[in-house]
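Position one of the sequence shown corresponds to residue 195 (the working numbering), numbered consecutively onward. All C-beta atoms, glycine included, are put in the ideal place defined by N, C-alpha and C. Predicted model only: the values in this text are computed from it and were never measured. First comes the structure, then the notes that go with it.
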Amino acid sequence: MSQVRVRFAPSPTGFFHIGSARTALFNWLYARHTGGAFVLRIEDTDKERNSEAFLNVIYDSLRWLGMDWDEGPKVGGAYGPYKQSERNAVYKEYIDRLLASGRAYEKDGATWLKVDGERYEVFDAHRKKTVTKVKAAPVVINDLIRGRVERVEDEDFVIVRSDGSPVFHLVNVIDDIAMQITHVIRGEDHLSNTSKHVLLYQAFGVQPPEFAHIPLILKQNGPGKMSKRDQGALIEEYQRRGYLPEALVNFLCLLGWNPGDDREKMPIADIIRLFDLPGVNQSNARFDEKKLAHMNMAYLLALPADAFLTLARGYFERQTGNAVAQAALAAEPAYFRDVMLLSQPKIKGVEELPAYTGYFFTEDFPVDAKVRDKVMGKGDPKARLRELMAALPTFDLSSDTAIEQAIKDLATKNALGFGDYQAVARLALSGTNVGPSITGMIRILGRDRVLARMTRFLAAT
Ligand code: GLU
């Protein structure tokens, strides 16, 4: 077979949502799997929405997700231009061909595609007028994902409006022909357009490409397709929130596809090797933000320390209005590093870091009243804290295991458990009961700061 050529053909809307990203990704994966070409084509015939800013949303999102395009705006290629707004001459040539061959005709100022078959007149009650219907054989689509789909087109349809603008179906098909696209991989919402597209291919005397309509993405809760207004729908949101693009890509791959086993976190090279269109599910995929957060966590955990620090620092730098985040950036680099690496295995996203680590960077951290009441309402936590403070000068603070052992020894001496010291120490040092290990906290905060916080806590509680 000749080289596979697929395309991603977004309309610039100012948004790039999960559904677009997944469509782009399945095209990109198929191109990389087959050694084919991934073409980016901008369907910007809607002039009002056509602005450079809207285009940049598309380019930036694709780049951020690591989907490089082989042909298209910015990179060029042999089949350009790749923006529909610049292809009017091509469209005119194709339309003239249809008119010359009699496959299209002009009526009421518009241009119509003639559907083959026996014609008859019928009164259409809905439109309240007599219309010409066509008795035509069904159009058959052997979709690579949906299987055999049949649809009857029983009326001629407009391909160029009376204002001279060609309709979506026409330019979409002309470009797929002109750009020699071999596989049209797109959302299932376009399946109902495909019979019109096939008729256009036939009218041009061209063999249609293969079609692969991928299932919809359902919104997290309730019925219906995910829309750009739904929570978690926009790619730029994840970028802003410091998500790892590799995690998002891995998650998107699993929306409608799986490797045939229950693996989830997979290197992209493995996905490229295993991805194929017959492996795409027919059933709709449900968006699950929790699953995405877990995927991000898994990728964060696997990140080398320096890469994690760069990501964390970048996120803190963007929190310009957050005093604690700015204090974190002003801290000693080694201290910042220790705090971040202690937290790395604990968080689902770097967006959690400012709140999760705030007390490391300020003495003015909030105390959770509920946690305080719970911790202080059991046993004699103040006595525990005093014992810990008395023993602390003798602690070896060089490692978490040494600190753990020291607390355990103290607990054993007093016939108590590690937890009796842990909860109140954590409350005094951080104001809460969630966070990284207490031993790591003590090690990083250091003896003086730990003693000072405990002293202050005892005085205030
Ligand atoms: N511009 C269309 C869209 O954004 C492209 C449809 C197609 O891929 O054929 O939905």
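For T504, the enclosing alpha helix (DSSP H) stretches over residues A499 to R512.
Here L428 is bridged, per DSSP, to H211.
For N366, the shortest separation between its Cβ and any heavy atom of ligand 1 lies below 6 Å. Comparing alpha-carbon positions, the option among T228, G208, V400 and A215 lying closest to Q197 turns out to be T228.
Note on A619: 16 or more other CB atoms within 10 angstroms of its CB, so buried under the neighbour-count rule. Relative to ligand 1, even the nearest heavy atom lies 6 Å or more away from the CB of E280. Within the model, the alpha-carbon separation for R507 versus E545 is close to 11 Å. Look at S205: its beta carbon is less than 6 Å from one of the heavy atoms in ligand 1.
Secondary structure in the stretch 376–460: the beta strand (DSSP E) runs of 3 residues or longer, each lying completely within the stretch, are 377–381 and 404–408 in chain order. For the 7 Å CB-CB criterion, D238 and P206 form a contact. Per DSSP, the beta bridge partners of G270 are G266.
Under the three-state reduction of DSSP output, E300 falls in the strand class. Apart from the 5 residues on each side of it in sequence, L219 sits with its Cβ closer than 8 Å to the Cβ of L259, M261, V443, L446 and C447 in its chain, given in chain order.
Cβ atoms of F481 and Q414 come within 8 Å of each other, at about 5 Å. Look at the stretch 307–384 and you find these whole runs of beta strand (DSSP E), each 3 residues long or longer: 312–318, 323–329, 333–337, 341–345, 351–354 and 377–381. If the five residues before and after D562 are omitted, its C-beta is found closer than 7 Å to the C-beta atoms of G625 and T626, all from its own chain and listed in chain order. Inclusion of E237 in the 6 Å shell around ligand 1 follows from its C-beta lying nearer than that to a non-hydrogen atom of the ligand. The three-state reading of DSSP puts V561 in coil, since its state is none of H, G, I, E or B. Straight-line spacing of the CA atoms in D642 and T649 works out to 11 Å. At a cut-off of 6 Å, the beta-carbon of R380 counts as near ligand 1: some heavy atom of the ligand is closer than that.
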